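S.K.: The structure's right below; bear with me while I get my questions together.
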Amino acid sequence: MPPLTPVVPRQTQSPMPARPRFPSPEVTALIAVLAWAPLPLGSNRPWSTALLMVMVFGLAATVSLRGSRPVWSPERRLALALFAGAFGWTLVQAAPGLGPAQPHWDALHSLTGQIPWRSLSITPWATADGGLRLAGYAAAAWLGAAALDNASERRAVILTLAGVGAVLAVYALIVQFSGSYTIWWWKKWIYQDVTTATFVNRNTYCIYAGIGVAAALMAARCASRSTRRWVWRLAAGLGLLAAVLTESRWGLACVAAGLAGLALLRPSPPPWRTMGIGVAVLTAAPVALVLAGQARFFARFDPAFVLGDVRWDLYRVTLDAIRAAPWTGHGLGSFPVLYHQVRDETLSDVLVFQAHSVPLELAAELGLPAALALTAAFVLLVVEAARRARRDGDPLARLAAAAGIMAGLHGLLDFSMQTPALAVTVLVLLGAAGSASAAAPARSPAHVDPAPPPAP
Numbered sequence: 001m002p003p004l005t006p007v008v009p010r011q012t013q014s015p016m017p018a019r020p021r022f023p024s025p026e027v028t029a030l031i032a033v034l035a036w037a038p039l040p041l042g043s044n045r046p047w048s049t050a051l052l053m054v055m056v057f058g059l060a061a062t063v064s065l066r067g068s069r070p071v072w073s074p075e076r077r078l079a080l081a082l083f084a085g086a087f088g089w090t091l092v093q094a095a096p097g098l099g100p101a102q103p104h105w106d107a108l109h110s111l112t113g114q115i116p117w118r119s120l121s122i123t124p125w126a127t128a129d130g131g132l133r134l135a136g137y138a139a140a141a142w143l144g145a146a147a148l149d150n151a152s153e154r155r156a157v158i159l160t161l162a163g164v165g166a167v168l169a170v171y172a173l174i175v176q177f178s179g180s181y182t183i184w185w186w187k188k189w190i191y192q193d194v195t196t197a198t199f200v201n202r203n204t205y206c207i208y209a210g211i212g213v214a215a216a217l218m219a220a221r222c223a224s225r226s227t228r229r230w231v232w233r234l235a236a237g238l239g240l241l242a243a244v245l246t247e248s249r250w251g252l253a254c255v256a257a258g259l260a261g262l263a264l265l266r267p268s269p270p271p272w273r274t275m276g277i278g279v280a281v282l283t284a285a286p287v288a289l290v291l292a293g294q295a296r297f298f299a300r301f302d303p304a305f306v307l308g309d310v311r312w313d314l315y316r317v318t319l320d321a322i323r324a325a326p327w328t329g330h331g332l333g334s335f336p337v338l339y340h341q342v343r344d345e346t347l348s349d350v351l352v353f354q355a356h357s358v359p360l361e362l363a364a365e366l367g368l369p370a371a372l373a374l375t376a377a378f379v380l381l382v383v384e385a386a387r388r389a390r391r392d393g394d395p396l397a398r399l400a401a402a403a404g405i406m407a408g409l410h411g412l413l414d415f416s417m418q419t420p421a422l423a424v425t426v427l428v429l430l431g432a433a434g435s436a437s438a439a440a441p442a443r444s445p446a447h448v449d450p451a452p453p454p455a456p
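So this is what it looks like as structure tokens:
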């Protein structure tokens, strides 16, 4: 009997390469919302804010009806509980009859003769509006968590933010160097000689431009062709130039911190060569400003200029407002009215609508417990994004962590996160950061047929 020949499987079908998955209709709509948000003045006008909230709520409802559900990590559960507590408190603040001891209600009753609302909030309708915004921002984070769990769709979001950031940077540079000083067809009424793109405030645009730079760097890293990598690197360079020409001191510091986080939050060793290039760029930035005729930027670092900044007086009177109602606050969204009650002679000629510090303003409006809860919820989402980026290097998680660092740090001394376009963008990224991204569809195993048995 001849020796048996080993049975070798015969492959009858070669594996097919995986095809890239196109974004679902819901993700396509979310991408369109993110691209639209910065265009109408950062969605920071009543009509554009309302439109953005309607789109976010409508899209969230659609995704929910289709059965999409986010994965609830411990960080997300705690962040949701903290947000729910803060949001619930805004409803209590706006409810009637809970603030009968507030003297302004008695004054209003004496003036009008009508039964006052007597809420804890001194501006109950503004508090209701602020609560609606908070709900919209939470819906944006939920959208990111529920809809962006596929690798190709997450990559599409990165490319969208990189592309929008590059287009806005080119627009900002054209406006700056042409001397037109416009936003669309409107003449700028503030910050005429610095870059703002489609935003009114240069500091807010600086942070948005920084997120666009981070997205372009991630797009370059994910690109499969050398040409595309260089295109995205050029986009990052343009965005960085536009950010520098905003002349926002704290904004540029926060962008630098976010880009450092982008480089370091990865499972592999730090990219020392890339970080060296970044340090060289930061070192050369002052030279670029001088060559661009923006040497006045350095005068803003003069100690007399820094110490004379009006924001220190704003912080002082905001702290006075916090001490007046540390537990209950004066009502979310009440700062424009509250400011007129607490300002002194040093601010008699200064008109502002924000405290120029998100934590301080929240503490004055919501009270310390609710403000700390809301701040902690944001920090938890940033920590989750950083942990995910450090663990497996997910590109969207790295971008989300960088965006959270930029916006979170900037909010300490300014109010960029109170601009709806930036807030929605950052929260969609943070919501998506902790989602388990599905890899590209696995290749189907090749079908094998056994070889015919050997003849006896």
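Following full-length UniProt numbering, the numbering of the sequence shown begins with 1 at its first residue and continues without gaps.
Beta carbons: idealized from backbone N, C-alpha and C, even for Gly.
Remember, it's a predicted structure, so these values are computed and weren't measured experimentally.
What are the partner residues of Trp186, as DSSP defines its beta bridges?
M.R.: DSSP output for Trp186 lists Ile183 as bridge partner(s).
S.K.: Which residues in the same chain as Ala145 place their Cβ atom closer than 8 Å to its Cβ, once the five residues preceding and following it in sequence are excluded?
M.R.: So the qualifying residues of the chain are Pro70, Val71, Arg76, Gly431, Ala432, Gly434 and Ser435.
S.K.: If contacts are defined as beta-carbon pairs under 8 Å, then Val424 and Ala140 qualify, I think. What distance do you get, rounded to the angstrom?
M.R.: About 5 Å; that satisfies the 8 Å criterion.
S.K.: What separation, rounded to the nearest whole angstrom, lies between the Cα atoms of Gly393 and Ala214?
M.R.: Answer to the nearest angstrom: the Cα atoms are 14 Å apart.
S.K.: What residue range does the alpha helix (DSSP H) around Gly406 cover?
M.R.: Reading the sequence as shown, one finds Met at residue 406 and not Gly. Counting along the chain, the alpha helix (DSSP H) containing Met406 begins and ends at Pro395 to Leu413.
S.K.: For Asp302, count the other beta carbons within 10 Å of its own beta carbon; 16 or more makes it buried, fewer makes it exposed. Which is it?
M.R.: Result: exposed.
S.K.: Taking all protein chains shown into account, decide if Asp149 is buried (16 or more other Cβ within 10 angstroms of its Cβ) or exposed.
M.R.: Flag for Asp149 reads buried.
S.K.: Counting along the chain, where does the alpha helix (DSSP H) carrying Trp47 start and finish?
M.R.: Start and end: Pro46 to Leu65.
S.K.: Quick check on the burial criterion: 16 or more other C-beta atoms within 10 angstroms. Buried or exposed for Ile158?
M.R.: Classification for Ile158: buried.
S.K.: Within 10 Å of its beta-carbon, does Glu247 have 16 or more other beta-carbons around it, so buried, or fewer, so exposed?
M.R.: Buried.
S.K.: According to the neighbour-count rule (16 or more other Cβ atoms, all chains shown, within 10 Å of its Cβ), is Phe298 buried or exposed?
M.R.: Result: exposed.
S.K.: Buried or exposed: which applies to Glu26, given that a residue is buried once 16 or more other Cβ atoms fall within 10 Å of its Cβ?
M.R.: Burial call: buried.
S.K.: Secondary structure at Asn203, three-state DSSP: helix, strand or coil?
M.R.: Looking at Asn203 - three-state DSSP - the assignment turns out to be helix.
S.K.: For Ala400, collect the residues of the same chain with a Cβ closer than 6 Å to its Cβ; drop the 5 residues on either side in sequence, then sort them by chain order.
M.R.: Closer than 6 Å at Cβ, skipping near neighbours: Ala385, Leu429, Leu430 and Ala433.
S.K.: I need the straight-line Cα distance from Ser348 to Glu365, nearest angstrom please.
M.R.: Going from the Cα of Ser348 to the Cα of Glu365 covers about 21 Å.
S.K.: Evaluate Glu361 with the Cβ neighbour count: other Cβ atoms within 10 Å of its Cβ, from every protein chain shown; 16 or more gives buried, anything less gives exposed.
M.R.: Per the 10 Å Cβ criterion, buried.
S.K.: Distance, Cα to Cα, Arg311 vs Thr274?
M.R.: Roughly 36 Å between the two C-alpha positions.
S.K.: Which same chain residues, not among the five before or five after Val350, have their C-beta less than 7 Å away from its C-beta?
M.R.: Contacts found: Val310.
S.K.: Got a sec, what are the start and stop residues for the alpha helix (DSSP H) His340 sits in?
M.R.: Looking at the DSSP string, the run of the alpha helix (DSSP H) that includes His340 is Phe335 to Val342.
S.K.: Note the first and the last residue of the continuous alpha helix (DSSP H) segment covering Leu265.
M.R.: Unbroken run through Leu265: none, as it is neither H nor E.
S.K.: Which value, in whole angstroms, describes the spacing of the CA atoms of Ala94 and Gln354?
M.R.: Going by the C-alpha atoms only, they are around 20 Å apart.
S.K.: Express the C-alpha separation of Leu332 and Gly130 in angstroms, rounding to a whole number.
M.R.: Approximately 6 Å between the Cα atoms of the pair.
S.K.: Taking the continuous alpha helix (DSSP H) assigned at Asp129, which residues delimit it?
M.R.: Per DSSP, Asp129 belongs to the alpha helix (DSSP H) from Pro124 to Ala147.
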